[in-house]
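With the UniProt record's numbering applied, the sequence shown corresponds to residues 1 to 147, in that order.
Glycine included, C-beta positions come from ideal geometry on N, C-alpha and C.
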Amino acid sequence: MPVKSADFTASSVTDTTRHVVEEFLAARMAGDVERLVALFADDVDWLLAENPAVPWIRPRSTGAECAAQFRELAEHTVTEDARASVDTFLVDGTDAVLTGYLSGTVRATGKSFEGPFALRLTVEEGRITRHHLYENSVSIAEACTPS
């Protein structure tokens, strides 16, 4: 019996993680910053390669700061041109990894960016505690740089 209990617990944790990540993706697609704030923990391990040319990419550590990144991204990019596709969605316990492809256009320059991404999220007690995004930061920085 203990093995079944452990399996059930692991499955429950994995199911919770998957559910929270699906909620995160839905809130992200809807631009629902209030919902994003609720999904992020008070303190978040945030990693996204900082680049001074990209106004929406900077260090963050609170749930509110993390959620605000999505609002800032929308302010600086053309919403109608934003695309993201998820090719892989893996969940193991509290960790989730998504890979895919993203593209968009920077509003101020009219330049486009594109490239693959990988996102690692950790969910603890129903909230996102880790958000590590790896993306084509060179393409994004070039799109933010005026000609």
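| Asked | Found |
| --- | --- |
| Every unbroken beta strand (DSSP E) within the UniProt domain "SnoaL-like" (21-131), with a cutoff of 3 residues, ordered by chain | 40-48, 83-92, 95-105 and 112-124 |
| Residues bridged to E142 (per DSSP) | Per DSSP, none; premise fails for E142. |
| CB contact flag (H18, V91, <8 angstroms) | Note that residue 18 is Arg in the sequence shown, not His. Cβ distance < 8 angstroms, so R18 and V91 count as in contact. |
| Residues of its chain near A82, where Cβ-Cβ distance is below 6 angstroms and the 5 sequence neighbours each way are ignored | G104 |
| Length of the line joining the Cα atoms of D45 and H132 | 8 angstroms |
| Integer Cβ distance of Y101 from A118, believed to fall under 8 angstroms | The Cβ separation is near 11 angstroms, so there is no contact. |
| Three-way DSSP call (helix, strand, coil) for V3 in this model | Because the pLDDT of V3 is 43, which lies under 50, any placement of that residue in the model is unreliable, and the question is left without a value. |
| Own chain partners of S147 with C-beta closer than 7 angstroms, once the 5 adjacent residues on each side are dropped | none |
| Contact with chain E by I140, beta-carbon distance below 8 angstroms | Annotation note: the requested chain E is absent from the structure, which comprises a single protein chain. |
| CA-to-CA distance, R127 to E65, given in whole angstroms | 15 angstroms |
| Proximal residues to T94 (C-beta, below 7 angstroms), its chain only, five neighbours per side dropped | V13, T17, T122, V123 and E124 |
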